[in-house]
Each structure stands twice: as C-alpha cells, then as structure tokens.
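The block underneath contains the structure these notes are about, expressed in structure tokens.
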Amino acid sequence: MSSEIFRDRTEGATARRQDLLRRRRDEFVMMPHAIRRVFVARRARIAASLAICATGAVFVTTALSASFAKAIASHMPGINPAVLSTFVVAMWVIGALAFTLSRARGEHQFAVQMSKYVLPGEDLDHDLERLSHENPDDIARGMAHRLEVKSAALPLLAAGFILPMTALYIYQGIRAGGWPSITDYEASLVLHTKAFVGTAIAGVVSAVIMTRRFARLPAVAPVGAALALGLGIFAIEGTTWLAGIALLFATAAAIAWRLRKERRLLETEDPAAGSELFTIRGMLRSIASAARTVRKHAFATQHRRIFVWGTTALLVLFGFTMAQVRGDRNMPNKAAARVAPQVDLKTPVVMKSGSTYRIEHMGDGRLKISMTIVDSQPVDIAFPGVATIPPTWAAKLDVHITQYASSLRVTAFPDEDGARVETLSAAQVDATFSQAACDIAMHDLALQVQTQVPGEYTLYVTPVLAPAGC
Numbered sequence: 523m524s525s526e527i528f529r530d531r532t533e534g535a536t537a538r539r540q541d542l543l544r545r546r547r548d549e550f551v552m553m554p555h556a557i558r559r560v561f562v563a564r565r566a567r568i569a570a571s572l573a574i575c576a577t578g579a580v581f582v583t584t585a586l587s588a589s590f591a592k593a594i595a596s597h598m599p600g601i602n603p604a605v606l607s608t609f610v611v612a613m614w615v616i617g618a619l620a621f622t623l624s625r626a627r628g629e630h631q632f633a634v635q636m637s638k639y640v641l642p643g644e645d646l647d648h649d650l651e652r653l654s655h656e657n658p659d660d661i662a663r664g665m666a667h668r669l670e671v672k673s674a675a676l677p678l679l680a681a682g683f684i685l686p687m688t689a690l691y692i693y694q695g696i697r698a699g700g701w702p703s704i705t706d707y708e709a710s711l712v713l714h715t716k717a718f719v720g721t722a723i724a725g726v727v728s729a730v731i732m733t734r735r736f737a738r739l740p741a742v743a744p745v746g747a748a749l750a751l752g753l754g755i756f757a758i759e760g761t762t763w764l765a766g767i768a769l770l771f772a773t774a775a776a777i778a779w780r781l782r783k784e785r786r787l788l789e790t791e792d793p794a795a796g797s798e799l800f801t802i803r804g805m806l807r808s809i810a811s812a813a814r815t816v817r818k819h820a821f822a823t824q825h826r827r828i829f830v831w832g833t834t835a836l837l838v839l840f841g842f843t844m845a846q847v848r849g850d851r852n853m854p855n856k857a858a859a860r861v862a863p864q865v866d867l868k869t870p871v872v873m874k875s876g877s878t879y880r881i882e883h884m885g886d887g888r889l890k891i892s893m894t895i896v897d898s899q900p901v902d903i904a905f906p907g908v909a910t911i912p913p914t915w916a917a918k919l920d921v922h923i924t925q926y927a928s929s930l931r932v933t934a935f936p937d938e939d940g941a942r943v944e945t946l947s948a949a950q951v952d953a954t955f956s957q958a959a960c961d962i963a964m965h966d967l968a969l970q971v972q973t974q975v976p977g978e979y980t981l982y983v984t985p986v987l988a989p990a991g992c
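Residue numbering for the sequence shown follows this note's numbering, starting at 523 and increasing by one per position.
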C-alpha cells in the first residue's frame, strides 16, 4: 500500500493528454467552417482598409501641396499626367491586392494557430490544464471576436478616403453617358479637394465612434441607411458636400449589418455552416426570403400607414429631384466663356506705393484700366469676377495701350515661373498673353505693370477663357 503513494504519475498523465488530444482533434475537424470564414474575412477587411488609408493619405498630401504634386508628376510618364486620378485608381488596386493577399495569409494563420492548439507541448501539466478547459471552437471564436473592432472601424476610415472620389467618377460617368473624361475628372478632384479632406476627417471621427459598442449594434443598420438616403437626396438637390457624409452613414449601416451576420455565424454549431457554395438558385431564394420578410413587417397593421406615407414621400421627393437634375442638365453650356466682371470698380484701388488704378467694364468684353502711377514700383492689377484660371481651361489676355507717358512694362500671370514681359509704347501698342491650367496648381489671373516715368496710363484688356484641351 505504501508504494502507491510514490508511484510515478507520468504514465497516467501522458495517457490522459493523448485522450484529450484525440478529442480536441475530433472537435477541430467538426468545427463549423463559418468561424474560419469570419476570421479570414475580418483580417482581409483590416488589411485592405489599411492599404486604402495609406494611399488616401498620400492623395490628400498631393492635393494640398502643389510642390509635392509636381514632384510626383515628374516621376510619372506623359507630358501632363493625371496625378490625383492615378491615386484614386491606386487605392482600388492596392486595396484589392491587400484584400486578396490577406485572405490567403489569414487562411494559413488560422490553420497554424489551430494546429498548434491540438499538438502536444513540452509541459505535460500545462497541456492537461489547457486541453481540459478549452476547446477548438472557443479558441477560434475568440480569435475572430478580437478582430471585430478593427474590422468595423478601419473600413469606415477607408470609406472616408475612397468612396467620395469614386462617387464623383460614377456621377460624371452618368452625366457623360459612358466613360467620363479623365481631364474633367482630374479638374473636379482639384476643385473638391476641401470636401474630400473634410470627408476624410469625418471618416476618422466615425471610425473612433465605431470603436464603441453601441455603434456596432444591429439597430445602427436601419438608422444609418435612413440617414444615408436622406442626406443623399439633399446632396442631389445641390448640397454636394453632404454626399460624403451620406456615404459614411451608408458604410456604417453596411458594417453593422455585416457584423450582425458574422455574429450569427460565430454562434452556429452546425459543422457545415459556412461551407455553402454560391448558386443562382440560392441567391434567388435569399432575395425572395428577404422580400417576404420586408413585406411582412411593412404591411403589418401597426406599420402599414407609416410605410405607405414614407414610400409616397420618398417617391415624390425623388421625382422632383430627378426633374431638377434633368433641367440643369438641359441648360446650355458654353464651351468658351468670356470673362465678364459682375461689378465695376467705381472707386480707384490705391496701392501701398500711392499708385492707383480703376477698372471699368466697357460692355463688349473689354476692360478699361485707368492708372495713375507715382513711382517705379510695380502695380498689381486683379480682375473682378474671377481670381484664378479654372483647371483644364486656358486664359488669353489681349492688351492695348492708348494713353501713356512713357514705355510700360506689362507682365501677365506674374506668379508663373518664366512669366512673359512685354514693353508697350508708341512702337508697340498691343500684346497678347496666354496661360493654360493643365496641372493641379493654382494659376492666378492678374496683370502687373511697371514704368520708370510717373504719369497717367490707360489699358484696354480683353480677357477670354476657353477649354485648354489638355
């Protein structure tokens, strides 16, 4: 009897561990496929979102910094590359590539982690404790649950970068009735840079909110969808900056709906769950089931009146909106726009040096500029009605001098590198300047005059804007 106390327990413990390992391996084989699918899908969403956010940050930097944009353009092929449009395409390509690669790595990581769990370790007692209190299903569910917050917040952050630009491309494609012009799309990206930056900031705020539990509840899906629909209608009406916010609400609704579906998959006990193959018949069956559910809830006695009135209001508002859009589309659009100032400068503009100038609109497209120059300092003349050359447009200035005390040095577009200078006098009374805005930099529409002889000077300037064809 006394020998029983000092008997070695290793043999029994080893046999116990082997028995537990067999059980856990059987459970691993019978584990629902849905758990693995949820884990892999969440890892792929996280990787794709990080790739899109990184590319989107470079896009914002390029849009805000002209020097950085020129540096990027210098390394791209072509005479006038579409830098911003290239970054939009890069976001989709890099995001899709990251999504695909992450799915493959996720499958491998899941298999490795679960294989380590059902393999024996070096510590016998630790294996007994681990295998006795844990099972593969719980381990796999825990791995998937730990990715929920990141898989919800990061896609919303990425949506703030990529969706507004994509929506703009689709909108221009609809208006063009096909593939939109890359030149026009590049110009639109430049014009809406502030809106894109604002949407990106809103995406950051939304991603932070999404880390809270209440923002990931199933009730967020219908609320977000309703807000997205309402803001989208206002955006179509003309408040275009609301389009980005509407897309963020729609993304939040889609994420909440997806999380609800994934939680349901994680709680399933059916080993075959998640292994279904896509079929047309199955898709039609799912659509029919969803339609029956919507009809059941929509036409319930307590919901019927709300559904009917809400649907009627949305249809009326949508019809009115489409009529407005169609009316705006049918308005004539001039290919070349002559700059016609809306107001005349009745009072002279006084420079710091004491020189003055006054601009009068002559009614035939010409501007009369009357100047009193008191010293040799340059006089900067800004045109009323337009301050810069619109992207993808070209400006031409026809300058004619009628009154002068001496020769007058005239520089058009003075902020441009290598701006051309013409000297107007009795020997040369006319000069023509032109400048095209074919890049994303801002091009000021202005004149600069200078003379060594103070006196009265009069210029007639005819500014014309036309598409640059770049």
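Beta carbons: idealized from backbone N, C-alpha and C, even for Gly.
{"Item": "According to DSSP, is Pro854 helix, strand or coil?", "Value": "Low per-residue confidence applies at Pro854: pLDDT is 42, beneath 50, and the placement is therefore not dependable, though the value from the model is reported in the following sentence. Pro854: coil per DSSP, three-state reduction."}
{"Item": "Could you give the first and the last residue of the continuous beta strand (DSSP E) run that contains Asp920?", "Value": "Trp915 to Gln925"}
{"Item": "Spatial neighbours of Arg565 within its chain, please: C-beta separation below 7 Å, excluding the five flanking residues on both sides.", "Value": "Ser624, Gly628 and Leu669"}
{"Item": "Leaving aside the five residues before and after Thr584 along the sequence, list all residues of the same chain whose C-beta is less than 7 Å from its C-beta, in chain order.", "Value": "Phe590, Ala591, Ile594, Val605, Leu606 and Phe609"}
{"Item": "Could you have a look at Arg734 and say whether DSSP puts it in helix, strand or coil?", "Value": "coil"}
{"Item": "Would you call Asp714 buried or exposed, if buried means 16 or more other Cβ atoms sit within 10 Å of its Cβ?", "Value": "Note that residue 714 is His in the sequence shown here, rather than Asp. That one is buried."}
{"Item": "Distance, Cα to Cα, Leu764 vs Met687?", "Value": "13 Å"}
{"Item": "Please tell me whether Val742 and Ala717 are closer than 8 Å, where the distance is taken between their beta carbons.", "Value": "no"}
{"Item": "So, do the stretch 957 to 977 and the stretch 911 to 930 have three or more beta carbon pairs nearer to each other than 8 Å?", "Value": "yes"}
{"Item": "Out of curiosity, what's the CA-to-CA distance linking Gln631 and Ala620?", "Value": "16 Å"}
{"Item": "What does the alpha-carbon distance come out to for the pair Leu781 and His597?", "Value": "42 Å"}
{"Item": "Name, in chain order, the residues that DSSP records as bridge partners for Val932.", "Value": "Glu944 and Val971"}
{"Item": "Taking all protein chains shown into account, do 16 or more other C-beta atoms lie within 10 angstroms of the C-beta of Ala563, making it buried, or fewer, making it exposed?", "Value": "buried"}
{"Item": "Per DSSP, which residues does Leu889 bridge with? Please list them.", "Value": "His883 and Val983"}
{"Item": "For Glu724 and Leu685, what's the separation of their Cα atoms in angstroms?", "Value": "Per the sequence shown, residue 724 should be read as Ala rather than Glu. C-alpha separation (whole angstroms): 13 Å."}
{"Item": "Here's a check: name, in chain order, each residue in its chain whose Cβ is nearer than 8 Å to the Cβ of Phe561, leaving out the five neighbours to either side.", "Value": "Gly628, Phe632, Ala662, Met665, Ala666 and Leu669"}
{"Item": "State yes or no: is the C-beta of Ala990 within less than 8 Å of the C-beta of Ala916?", "Value": "yes"}
{"Item": "Using 8 Å as the cut-off, can you tell me whether the stretch 734 to 750 makes contact with the stretch 643 to 656, which would need three or more C-beta pairs spanning the two stretches below that distance?", "Value": "no"}
{"Item": "Need the endpoints of the alpha helix (DSSP H) that Ile903 sits in, please.", "Value": "Per DSSP, Ile903 belongs to no alpha helix (DSSP H); it is in the beta strand (DSSP E), Val901 to Ala904."}
{"Item": "Check Asp966 in the structure and name its three-state DSSP category.", "Value": "strand"}
{"Item": "Is the number of C-beta pairs between the stretch 918 to 930 and the stretch 972 to 990 that are closer than 8 Å three or more?", "Value": "yes"}
{"Item": "Looking at Leu679: is its Cβ nearer than 8 Å to the Cβ of Ala729?", "Value": "yes"}
{"Item": "From the DSSP output, which residues share a beta bridge with Gly977?", "Value": "Ile895"}
{"Item": "Considering Ser571, what are the terminal residues of the alpha helix (DSSP H) in which it resides?", "Value": "His555 to Leu586"}
{"Item": "Below 8 Å on the Cβ atoms is my contact criterion, and I expect Ala722 with Gly887 to pass it. Report the Cβ-Cβ distance as a whole number of Å.", "Value": "About 41 Å; that fails the 8 Å criterion."}
{"Item": "Just how far apart, CA to CA, sit Leu753 and Phe683?", "Value": "18 Å"}
{"Item": "Would you decide whether Thr815 is buried or exposed? Buried here means 16 or more other CB atoms lie within 10 Å of its CB.", "Value": "exposed"}
{"Item": "In chain order, what residues of the same chain have a beta carbon less than 8 Å from the beta carbon of Val726, not counting five sequence neighbours either side?", "Value": "Leu679 and Gly682"}
{"Item": "Since Ala604 is in the alpha helix (DSSP H), which residue starts that stretch and which ends it?", "Value": "Where Ala604 is concerned, there is no enclosing alpha helix (DSSP H), given that its DSSP letter is neither H nor E."}
{"Item": "Using CA coordinates, which residue listed in Asp920, Leu690, Ser877 and Ser898 is at the minimum distance from Lys890?", "Value": "Asp920"}
{"Item": "Report the residue from Ser571, Gly600 and Ala904 whose alpha carbon sits nearest the alpha carbon of Met613.", "Value": "Ser571"}
{"Item": "Between Val580 and the rest of its own chain, which residues show a CB-CB distance below 8 Å, the 5 nearest in sequence each way excluded?", "Value": "Phe609"}
{"Item": "Identify whether Val610 lies in helix, strand or coil by the three-state DSSP scheme.", "Value": "helix"}
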